[in-house]
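Enquirer: Let me begin by handing over the structure; questions about it come next.
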Amino acid sequence: MEQEKHNPLTPLSEIGEFGLIEKIRANVVNTAPQTIFGIGDDAAVLDSKGQKTLISTDCLVEGIHFDLSYVPMKHLGYKAVVVNLSDIFAMNAKPAQILVTLAASSRYTLEAIDELYEGIFAACQAYGVDLVGGDTSSIPKGLVLSITVLGYADEASVVYRNGARLNDIICVSGDLGGAYAGLQLLEREKRIFMENSAVQPDLTGFDYILERQLKPEARKDVVDLFARLGIKPTAMIDVSDGLASEINHICKESACGARIFDERIPVDPQSVILLEEMKVNPTLAALNGGEDYELLFTISPADYEKIKAEKGISFIGFITPPEFGVKLETRDGIQHNLEAKGWNAFGKE
Ligand code: ADP
Ligand code: MG
964 MEQEKHNPLT PLSEIGEFGL IEKIRANVVN TAPQTIFGIG DDAAVLDSKG
1014 QKTLISTDCL VEGIHFDLSY VPMKHLGYKA VVVNLSDIFA MNAKPAQILV
1064 TLAASSRYTL EAIDELYEGI FAACQAYGVD LVGGDTSSIP KGLVLSITVL
1114 GYADEASVVY RNGARLNDII CVSGDLGGAY AGLQLLEREK RIFMENSAVQ
1164 PDLTGFDYIL ERQLKPEARK DVVDLFARLG IKPTAMIDVS DGLASEINHI
1214 CKESACGARI FDERIPVDPQ SVILLEEMKV NPTLAALNGG EDYELLFTIS
1264 PADYEKIKAE KGISFIGFIT PPEFGVKLET RDGIQHNLEA KGWNAFGKE
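If you read the sequence shown in the numbering used here, its first letter stands for residue 964, the second for the next number, and so on.
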């Protein structure tokens, strides 16, 4: 194509694996206190400074976890890091390093991978995390991005899924269902575009839900809030698969039940507008949509006074004895079993 002649893209094969690694390395400035040595040797060297080390990993596969027809590479890089950091925050710990393993087909250009790393570095910078290593490989088709994150915390402050106790208050940060609403919008516009490429996507007025889907943030601020308020949640998990599945995880690990109140589940007005347009019940999107990366946690009733005035935290229910089960109570007082897949067929009421 004419344009490509003027501005040729660089096939990855031209720069090669070592060239790519050198390029990545040149952009790295380590800042976390635990990073002794990062990229450039057979292994990174870290010092946990007497704290416990937390480690988690996530693998994103093109066609399964992301669709590059509407996800820009930069956003993909950013989101891939953020979803990993979210797992460390969900343990009430602080992430400090990541490793990035990248496998790309020869279809990808250096420019595309540069954009991906721009997003990765933007997230590293936003959260004060160092890129200390990884691996680079080619694959026959598509793109696979696997990120491993390391975090640190004092032993006493680590919060597990298994600590929820009878009468604890169930809390959630931010709002839910927004990332799902954003995805519905993107898929709708993609469908319209596929049918008629002369119609440009109309995304006006939906910035918030698009951002929830394309550029999610991890709730570092909520972990900082706990420290400031002197609260240690009794149990915590990040909302990656939807409220229904996460509350079930906490209840299973903590051997308890839960009573959640429908009208207390926070859903942003923009999500409600889009979801209603799409004939999706907003509560169901909050329960089963996923990818919101909010924190779902339980606190002892004794801590409620300290946190009750916080605007970005919703108090959505209570921990019950295990025999009660995991239930969602609607406005009319009807209790539904809250299974990991929600209390109704997903989609329509
Ligand atoms: P090895 O042969 O020991 O696997 P590599 O040549 O793959 O070493 O890697 C050299 C250095 O570059 C190591 O520090 C490794 O962690 C880092 N590295 C390799 N690929 C990536 C990547 N995609 N992103 C960040 N660092 C990487
Ligand atoms: Mg290697």
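All C-beta atoms, glycine included, are put in the ideal place defined by N, C-alpha and C.
Since this is a predicted model, take the numbers as computed values, not measurements.
What are the start and end residues of the beta strand (DSSP E) that includes P1058?
Expert: Taken as a continuous stretch (DSSP letters only), the beta strand (DSSP E) holding P1058 covers K1057 to A1067.
Enquirer: Beta-carbon within less than 6 Å of I1223's beta-carbon, same chain only, minus the 5 sequence neighbours each way: which residues are those?
Expert: I1279, G1280 and L1291.
Enquirer: Taking the alpha carbon of F981 as the reference point, which residue from A1142, G1003 and G1091 has its own alpha carbon closest?
Expert: The option with the nearest alpha carbon to F981 is G1003.
Enquirer: Straight-line CA distance for T1293 to T1246?
Expert: The straight-line gap from Cα to Cα measures roughly 10 Å.
Enquirer: What are the partner residues of N1300, as DSSP defines its beta bridges?
Expert: N1300 is bridged to K1290.
Enquirer: What do you reckon, are the CB atoms on V1063 and I1110 nearer than 8 Å?
Expert: Contact flag set, yes.
Enquirer: Would you report the Cα separation of Y1090 and G1252, rounded to the nearest angstrom?
Expert: Those two C-alpha atoms are separated by around 25 Å.
Enquirer: Beta-carbon within less than 7 Å of Y1033's beta-carbon, same chain only, minus the 5 sequence neighbours each way: which residues are those?
Expert: Excluding sequence neighbours, Y1033 sits near L1149 and K1153.
Enquirer: According to DSSP, which residues form a beta bridge with A1198?
Expert: Answer by DSSP bridge pairing, in chain order: T1261.
Enquirer: Between which residues of its own chain and Q966 is the CB-CB distance below 8 Å, once the five residues before and five after are set aside?
Expert: Note that Q966 has pLDDT 49, beneath the 50 cutoff, so the model's placement of it is unreliable and the number below is only indicative. Excluding residues within five positions, none has a Cβ falling inside 8 Å.
Enquirer: Alpha carbon to alpha carbon, how far is N1055 from N1130? Give it in angstroms, no decimals.
Expert: So the two alpha carbons sit approximately 21 Å from each other.
Enquirer: Does the Cβ of E1312 have 16 or more other Cβ atoms within 10 Å, making it buried, or fewer, making it exposed?
Expert: The predicted model places E1312 with a pLDDT of 38, which falls under 50 and marks its position as unreliable; any figure quoted below should be read in that light. The residue in question, E1312, is exposed, as its Cβ has fewer than 16 Cβ neighbours within 10 Å.
Enquirer: Please specify which runs of the beta strand (DSSP E), each continuous and at least 3 residues long, are wholly inside the stretch 1046 to 1126, giving them in chain order.
Expert: Runs found: 1057 to 1067, 1093 to 1101 and 1106 to 1116.
Enquirer: Going by beta-carbon coordinates alone, are S1136 and I1297 separated by less than 8 Å?
Expert: Cβ atoms of S1136 and I1297: not closer than 8 Å.
Enquirer: In three-state terms, what does DSSP make of E1025?
Expert: Three-state result, E1025: strand.
Enquirer: Given a cut-off of 8 Å on the beta-carbon distance, is the pair I1213 and I1228 in contact?
Expert: Cβ distance not < 8 Å, so I1213 and I1228 don't count as in contact.
Enquirer: Please state if the CB of V1024 and the CB of P1179 are separated by a distance shorter than 8 Å.
Expert: Against a cut-off of 8 Å, the Cβ pair of V1024 and P1179 comes out as no contact.
Enquirer: Rounded to a whole number of angstroms, what is the C-alpha to C-alpha distance between S1101 and A1066?
Expert: Roughly 5 Å separates the two Cα atoms.
Enquirer: Between which residues of its own chain and G1145 is the CB-CB distance below 6 Å, once the five residues before and five after are set aside?
Expert: Cβ neighbours of G1145 beyond the five flanking positions: I1172, L1173, R1175 and Q1176.
Enquirer: I need the straight-line Cα distance from P971 to E1074, nearest angstrom please.
Expert: If you take the alpha carbons of P971 and E1074, they lie about 10 Å apart.
Enquirer: Compare the C-beta of M1157 against all C-beta atoms of chain C and say whether one is closer than 8 Å.
Expert: Protein chain content of the structure displayed is limited to a single chain, and chain C is not contained in it.
Enquirer: Could you name the residues of the same chain whose beta carbon sits closer than 6 Å to that of Q1147, not counting the 5 residues immediately before and after it, in chain order?
Expert: Closer than 6 Å at the Cβ level, and outside the excluded window around Q1147, lie M1241.
Enquirer: If we ignore side chains and look at the alpha-carbon of each, how far apart do Y1267 and A1116 end up?
Expert: If you take the alpha carbons of Y1267 and A1116, they lie about 24 Å apart.
Enquirer: May I ask you to list the residues that DSSP assigns as paired with A1221?
Expert: DSSP, once it has assigned bridges, lists I1282 and V1289 as partnering A1221.
Enquirer: Can you give the Cα-Cα distance for Q1060 and T998, rounded to whole angstroms?
Expert: Roughly 8 Å separates the two Cα atoms.
Enquirer: Between the Cα of E1257 and those of V1162, K1012, I1051 and P1264, spot the shortest distance and give me the residue it belongs to.
Expert: Among V1162, K1012, I1051 and P1264, the Cα nearest to that of E1257 is on I1051.
Enquirer: If we ignore side chains and look at the alpha-carbon of each, how far apart do S1263 and T1167 end up?
Expert: Looking at the two C-alpha atoms, the distance is approximately 42 Å.
Enquirer: Can you give the beta carbon distance from G1082 to K1037, rounded, assuming they're within the 8 Å contact cut?
Expert: With a Cβ gap of about 4 Å, G1082 and K1037 count as contacting.
Enquirer: Out of A989, G1288, I1155 and E1254, which one is the CA nearest neighbour of L1094?
Expert: L1094 has its Cα closest to that of A989, out of A989, G1288, I1155 and E1254.
Enquirer: Mapping the DSSP letters down to three states, classify N1307 as helix, strand or coil.
Expert: With a pLDDT of only 48 at N1307, under 50, the local geometry of the prediction cannot be trusted, and the value read off the model is given with reservation. The answer is coil: DSSP assigns N1307 none of H, G, I, E or B.
Enquirer: Less than 8 Å between the C-beta atoms of G1140 and T1197, yes or no?
Expert: Against a cut-off of 8 Å, the Cβ pair of T1197 and G1140 comes out as no contact.
Enquirer: Please name the residue in D1255, S1011, L1259 and A1248 whose C-alpha comes closest to that of K1304.
Expert: Of the candidates D1255, S1011, L1259 and A1248, the one whose C-alpha sits nearest the C-alpha of K1304 is A1248.
Enquirer: What number of angstroms, rounded off, separates the C-alpha of A1221 from the C-alpha of T1261?
Expert: Whole-angstrom Cα-Cα distance: 11 Å.
Enquirer: In terms of residue numbering, what span does the beta strand (DSSP E) encompassing V1135 cover?
Expert: That run of the beta strand (DSSP E) goes I1132 to S1136.
Enquirer: For I1270, report the span of its alpha helix (DSSP H) as first-last.
Expert: Segment Y1267 to I1270, the alpha helix (DSSP H) holding I1270.
Enquirer: Check each residue's C-beta against every heavy atom of ligand 2 and list, in chain order, those closer than 7 Å.
Expert: The answer, residue by residue, is D1098 and T1099.
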